[in-house]
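**Student:** Attaching a single structure in C-alpha cells format; questions to follow.
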Amino acid sequence: MVSKKKTKNLKSFISFQDTILNLQKYWSKKGCVILQPYDLEVGAGTFHPATTLRSLGPKPWKTAYVQPTRRPTDGRYGENPNRLQHYYQFQVLIKPSPKDIKKMYLNSLSSIGIKHEEHDIRFVEDDWESPTLGAAGLGWEVWCDGMEITQFTYFQQMAGMECNPISVEITYGLERLCMFIQNKKNVYDLIWNNEGVLYKDIFHQAEKEFSAYNFEYANTDKLFKIFEMLEGEAKSLIEKKISLPAYDQCLKSSHVFNILDARGVISVAQRAEYIARIRDLTKKIGKIWVETQN
Amino acid sequence: MSEFFLELFSEEIPSRLQINARNDLIQIFKKFFDDNEIIIKGKINIYSIPNRLIVYINKVSKDVTKKAQEIRGPNINAPEKALEGFLKSNKISKEKVIKKSTDKGIFFFYNKPPQKVKTYDLLKDNIASLLLKISWKKSMKWGYYDLYWGRPLKSILCLFDKKIIDFKLNHLQSSNKTFIDKDLEDEVKSFNNFKSYIKFFKQRGVIIDQNKRKEFITKEINKATNQKKIYINFNEKLIEEITNIVEKPKILVCEFNKKFLEIPQEILIITMQYHQKYFPTFDDKKKITNNFIVVADCKDKKGLVKLGNQNVVEARLADAEFFWNRNKSQNLVKQVSKLKQINYFKGLGSYFDKIQRVRKLSGIISDELLISKEKIEIASSICKVDLMSDLVSEFPELQGVMGGYFAREQGFDEEISLAVSEHYLPSGIDSKVPKKPYSIALSLSDKIDSLVGFFGINLKPTSSKDPYALRRMTISLLRLIIENQKKIKLRDLINYSINLYKEQNYSFDSKLLNDELGDFILDRLKNYLKEKDIRSDIIECSINSHGIDDLLKIFNKSLNLNKNIKKDFGIDVIAIYKRSANILNSERESKLDIVGSADPGLFKNDYEKNLYKKIHTIRKYFSSIDRDENYDESLKTLSSAKNEVNEFFDNVIVNDQEEIIKKNRLELLKMLCKSFDNYFNFSKIEV
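Now the structure itself:
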C-alpha cells in the first residue's frame, strides 16, 4: 500500500488526471475491464452500452471507465463555479453486485486521498430513475462532509426489464470529487496535471461556446428533423434486429432532445412524449440485445 | 422469563424505511405473540440506526401451554392422500385418529392433548416468515439473491436466552455474531445478550435507541445554540430524519460568509434545510444568521468535516447568489409576454393565457373585497413571471415567494409584492393563510381558474387519484374564504371564469361543470367541517340549506349550532322544531296541502294567537338582520318561542274534528318550521 509520506503528498496535490489514473488502477485490480469513454454524446455514464446493455441478462460483467457527460441545460457560459454542460464521470459497473462492494468503494476513496475515517461519509437515500432508459434502481448519493461525490445504485430495472442478477453502479462526479480533494471553490481552478495545467485552460472556451450553441444558436427546426431521422433509423435497425447500431441512434436522438430542451422549445406535454419515444426505442433494443446473448 | 434479541445488519436503510420497518416489526411480533398466547412483560422494543434493525424483548415467557383441541380431518370417503396429509401436518400416526359422525357426514378427528410448547421452538419455526412480513414501502434485490429488503441485508443475529435461534432467511443463516464496523465490515463479534451488545456500542459512541438519540441531538443543539445566543426553528420532521441517519451524532456549529446574508432568507433556508439537512439559525429578532448547525456522524477530530460542510454551503450559496443577482434585475413586466412560450396545461393554454384570465377574475373579486382593481390586475399580470427565473427552476418550492422578492426589488407596491409572494398559499391544511385582501384576491382567482380549467377538461379527481392536487387546492380555497371570514359569491365567479375560458376559445359544458365543481367544493367543505369536530348531522343540515355562494354562512352556522346544541337554548330550538315537524310529518299521508300560511280568523284560542304573534316576531327578526348576522342571537331568538310552543301543544289539539281548523293549525306549525328554516333546515338533526 501507499506509504504515509506519499499519502500526505497525495492529499494536497493529487491532480485531476491522477485521480482518474488512480481510480482506473484501483478498479483494474478489482478485476474490472477498463474501457474508454463511449464515442457519442451522452447525458450520463450510465448510457454507455457497457452499462445499459451489459447490465441486462445473466452474464457476469465488471467494468470501469471515464465518461464525458453532456447536459446542455446545465451550461453557464463558463461563469458558474460549479455548473458545466460538459463534465466527467467515472463509472463502475459490477454484475452481480458483490457482497463487499461498500468496502471496495470506501477503499477506492483512500486511493485518491480521502480517508473515510477522517470524514463524515454518508449514504443518503437517493432512488434513481431514468425515464428515457426505462430504468430504475435503489441506492444512495454518497456525501463526504456534506458534499455529494458519488451515486451508488443497485439497478432493479433496465430498458423496461427486471434485472437478474442485480448490477451495482458507482458513479463518481470527478469534478466535484477533485474540488474536494484539491480544496478548490471553483471548478476552473482545478489542477489538471503536475505541470500546472488548469481545468480552465482546457475547458473554459468550450463551456462558453457550447452554452451559446445550446441556448442560442442550435437550429431547432433542423434538430427536430434530425430527431425524426435518427428515430427512423433506429426503428429500421430494430426491425433488422441489430441492437448496438440501433442503440447508437437512440443515444444520438437523446442528445438532440437534450439540446432542444435547453433551447426551451419543448413544452411540458411534448417533453413527456419525446421521452416516451426514446424509452420505447431503448426497450426494444434492450430486448434484442438480451436475445442475442444466448 | 426469557430474553429475545434480534439484530438485522444491512447497508444503510433510509430514514423513512427505518420508520416503516420499525412500525411493521412491532405489529408483526405483537400479533405473533398474541396469536400464540405467549406472554410478554414490558414492551416489544424496536430500535434502529442506519445499518441495524433491532428487536429486543426482555421478558417473554419461556413456554406456553396450548389447550386440548379437537381437530377435524378429511371425510372418511375422501381419497387416502387426504388422510396422509392430515397425519403428516399434525405429526401423528394413524392410530391417533378417530371417526366421528357429524351432520355433514363421517369425518376423521384428532384429539390433540394439551401441550407445552417452547417459545424458542415457535420462534425458530416462524421467525423467517415473520421477517418477510415487513411490507417495505420500497424494497430491492441484490446480487443473485431473491430476497427483498430495504437495502442489502448482510447478517442476522438472533438469541433467545443466550442461545442462537437457528434459522435461515433466504441465503442468510442466523448466528450470534454481527459486524461491528459498519463501513468495511471487516470485524465480526459475537454477543451473548442485549445488555453486552448495547454496552459495547455505547462505548463506541453509538446510541442504538432512536428516542434517546433524538433526545441527545436536541439537547446538544440547545447547548450549542444557547452558548452563541442563536436559535433554530425546531423542525420535527428534520430532527426525526437526522436522528435516523446518524448513529453517533456530533453537533457542529458552522458558519458561512456573511455576505450571503444579502440573499433572500428563504433561499438560505431551503439550501441548508432541504438540500443539506442542516439547521439554519436565527438571532433573537428572528433574523437569519450566518451560523448553521450540522449533525455529523463522527467525531471530526481534525476539523475536516466542519470545513467541508462550510465549503459545500458556500458553493451552493454562491450559485444562489449568482442567480439572485441576475434574476432580481430582470424586468418582470417586460417578461410577461414570454409566458406565451410556457404551457400551463394541455387544453388550458399557456401561462400567458392563464394570467389574462386570472387578471380579469381578480378584477371582479376586487369589487367584493373593496380593493383597487388596478393594483390587483398588476399583481395578476406579473405573478407567474418568476417561473422563468433560474432561482425557481433551481428551487421550485420558492415559486411565488421569489416573484414577490423580484417585485419588491423592482419597486412594486408592497401590497402587490406580497400578493405575488403569497398567491400559492395556503398550500395545505397546515399552511399559513394569506390575510391581506390583495393576497386573498390573487390566490382565490388563481385557484378558481385552475379548478374550473381542470374540471372543464374533465380531469377531476377520482376516488383514489388526484394527480393535480385539486382536493388540496379546494381546501385552500375554502380556508381563504372561511378563515378570512369573506363572503364570496363563488357561483358567479365560476361562471365568470367559464366565460373567460370561452373568450379564449376553450368551451366547457357550463351546467355540468357548475354541478360537478359545486358538489366537489361542498364535499371538501364537509371534510373541512369534520376536521373541526363538528357533528356530521349538523354539517349535513347546514350544507343542504345553502349553496356554494354561502360557504362562510355554512361554516359559521354549523360551528355555532355545534357549540350550542348541548346548551339550554340549543336543546330548546331542536325540541321545538322536532315537535312541530313530527306532527307535520305524520300528516304527510293526508291529502292536505300545507303551505305555511295560517288564517288568524280561524284561530279559536289565545294559544294559537300567541304562537302566531311569536312567529311574526321571529320573522321580523330575520328580515331585519343585516349582512352581519349574529348566529348566537338567531338561535336564542328561535328558542324564545319555547313558551308559546309548549302552551300550544299542552292546550290545543291539532287534530280537530273540523277539517278546516285542523288544517289551519297545521299551517301554523308549518309557519313555525319555515321561520326556523331562516337558520337552516333542522330536520336531519339527531336528538
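Top to bottom, those sequences are chains A and E.
Here the first sequence stands for residues 964 to 1257, where the numbers follow my numbering.
Here the second sequence stands for residues 403 to 1089, where the numbers follow my numbering.
Note that beta-carbon positions come from the ideal geometry of N, C-alpha and C, so glycine has one too.
Just so we're clear, the structure is a prediction, and the values are computed from it rather than from any experiment.
So who's on the other strand from E:K904, going by DSSP bridges?
**Tutor:** Note: E:K904 sits in no beta bridge, so no partner.
**Student:** Could you compute how far the alpha carbon of E:L709 sits from the alpha carbon of E:R728?
**Tutor:** Computed Cα separation, rounded: 29 Å.
**Student:** Tell me the DSSP secondary structure of E:N637 in three-state form.
**Tutor:** In this structure, E:N637 counts as coil in the three-state DSSP scheme.
**Student:** At a CB-CB cut-off below 8 Å, which residues of chain A make contact with E:E716?
**Tutor:** Residues of chain A passing the Cβ test: K1148.
**Student:** What does A:R1085 pair with, by DSSP beta-bridge criteria?
**Tutor:** Looking at the DSSP assignment, A:R1085 forms a beta bridge with A:W1106.
**Student:** Buried or exposed, going by whether 16 or more other CB atoms sit within 10 Å of the CB of A:T970?
**Tutor:** Here the model assigns A:T970 a pLDDT of 45, short of 50, so the residue's position is not dependable, and the following value carries that caveat. Its Cβ having fewer than 16 others within 10 Å, A:T970 is exposed.
**Student:** For E:R810 versus E:S782, is the C-beta spacing smaller than 9 Å?
**Tutor:** Not closer than 9 Å, so no.
**Student:** Measuring only the C-alpha atoms, how far is E:S833 from A:T1032?
**Tutor:** Cα to Cα, E:S833 sits roughly 41 Å from A:T1032.
**Student:** Between E:Q678 and chain C, is there a C-beta pair that is closer than 9 Å?
**Tutor:** In the structure shown, chain C does not exist; the protein chains are A and E.
**Student:** Taking the alpha-carbon positions, what's the E:K543 to E:L549 distance?
**Tutor:** Computed Cα separation, rounded: 6 Å.
**Student:** Would A:Q1256 pass as a contact of A:L984 if the rule is Cβ separation under 9 Å?
**Tutor:** No, Cβ-Cβ distance for A:Q1256 and A:L984 is not below 9 Å.
**Student:** Return the chain-ordered list of same chain residues with a C-beta closer than 7 Å to the C-beta of E:K1038, the five sequence neighbours on each side being excluded.
**Tutor:** Cβ within range, chain order: F971.
**Student:** Counting along the chain, where does the beta strand (DSSP E) carrying E:N477 start and finish?
**Tutor:** Element bounds for E:N477: Q471 to N477.
**Student:** How many angstroms separate the CA atom of E:Q605 from the CA atom of E:S598?
**Tutor:** Answer to the nearest angstrom: the Cα atoms are 11 Å apart.
**Student:** Distance, Cα to Cα, E:K468 vs E:S417?
**Tutor:** Distance between the alpha carbons of E:K468 and E:S417: 40 Å.
**Student:** Could you tell me which uninterrupted alpha helix (DSSP H) segments, each at least 4 residues in length, are contained entirely in the segment 492 to 560 of chain E, listed from first to last along the chain?
**Tutor:** Listed in chain order, they are 521 to 533.
**Student:** Suppose you measure from the CA of E:H948 to the CA of E:V794; what does that come to, to the nearest Å?
**Tutor:** One C-alpha to the other measures close to 41 Å.
**Student:** Beta-carbon within less than 7 Å of E:E723's beta-carbon, same chain only, minus the 5 sequence neighbours each way: which residues are those?
**Tutor:** Only F662 and I665 meet the Cβ criterion.
**Student:** What residues from chain A crowd round E:K540, counting only those whose CB sits closer than 9 Å?
**Tutor:** Simply D1090 and L1101.
**Student:** Identify the continuous alpha helix (DSSP H) that holds E:L914 and give its terminal residues.
**Tutor:** S912 to E933 is the extent of the alpha helix (DSSP H) around E:L914.
**Student:** Can you confirm whether E:F957, when its beta carbon is compared against all beta carbons of chain A, has any partner nearer than 9 Å?
**Tutor:** No, E:F957 lies away from the interface with chain A (no Cβ there is under 9 Å from its Cβ).
**Student:** Could you give the residue range of the alpha helix (DSSP H) that holds E:V735?
**Tutor:** L734 to Q737 is the extent of the alpha helix (DSSP H) around E:V735.
**Student:** Around the Cβ of E:R615, are there at least 16 other Cβ atoms within 10 angstroms (buried) or fewer (exposed)?
**Tutor:** Counting Cβ neighbours within 10 Å, E:R615 comes out buried, since at least 16 surround it.
**Student:** Which runs of the alpha helix (DSSP H) fall wholly inside the segment 663 to 703 of chain E and span at least 4 residues, in chain order?
**Tutor:** Counting only runs of 4 or more, we get 667 to 672.
**Student:** On the DSSP letters alone, give me the boundaries of the beta strand (DSSP E) that A:I1133 sits inside.
**Tutor:** Element bounds for A:I1133: V1131 to G1136.
**Student:** Assuming E:D788 and E:G765 are in contact, meaning their beta carbons sit under 8 Å apart, how far apart are those beta carbons, in whole angstroms?
**Tutor:** Not really, about 22 Å apart at Cβ, beyond 8 Å.
**Student:** Does any C-beta atom of chain A lie closer than 9 Å to the C-beta of E:I459?
**Tutor:** No, no contact with chain A.
**Student:** Mind checking which residues open and close the alpha helix (DSSP H) that includes E:R606?
**Tutor:** Element bounds for E:R606: n/a, residue is neither H nor E.
**Student:** Are the beta-carbon atoms of E:I451 and E:I623 separated by less than 9 Å?
**Tutor:** For E:I451 and E:I623, no; Cβs fall outside 9 Å.
**Student:** DSSP has A:I1154 in a bridge; who is on the other side?
**Tutor:** According to DSSP, A:I1154 bridges with A:L1161.
**Student:** Is there at least one Cβ from chain A nearer than 9 Å to E:Y1033's Cβ?
**Tutor:** Not closer than 9 Å to any Cβ of chain A, the Cβ of E:Y1033 fails to qualify, so no.
**Student:** On the premise that A:V1105 lies in contact with A:I1064, defined as a C-beta separation below 8 Å, what is that separation, rounded to the nearest angstrom?
**Tutor:** Actually they do not touch by this definition, with Cβ atoms about 12 Å apart.
**Student:** Considering only residues of the same chain and omitting the five flanking positions on each side of A:F1143, which have a CB-CB separation below 7 Å?
**Tutor:** C1107, M1110 and I1112, listed in sequence order.
**Student:** Exposed or buried, which one is E:R553 when buried takes at least 16 other CB atoms within 10 Å?
**Tutor:** It is buried - the Cβ of E:R553 has at least 16 other Cβ atoms within 10 Å.
**Student:** State the start and end residues of the unbroken beta strand (DSSP E) segment that holds E:F406.
**Tutor:** Counting along the chain, the beta strand (DSSP E) containing E:F406 begins and ends at S404 to S412.
**Student:** Mapping the DSSP letters down to three states, classify A:K974 as helix, strand or coil.
**Tutor:** Low confidence applies here, because A:K974 scores a pLDDT of 46, under 50, leaving its location unreliable; read the following figure in that light. In the structure shown, A:K974 sits in a helix (DSSP, three-state: H, G or I).
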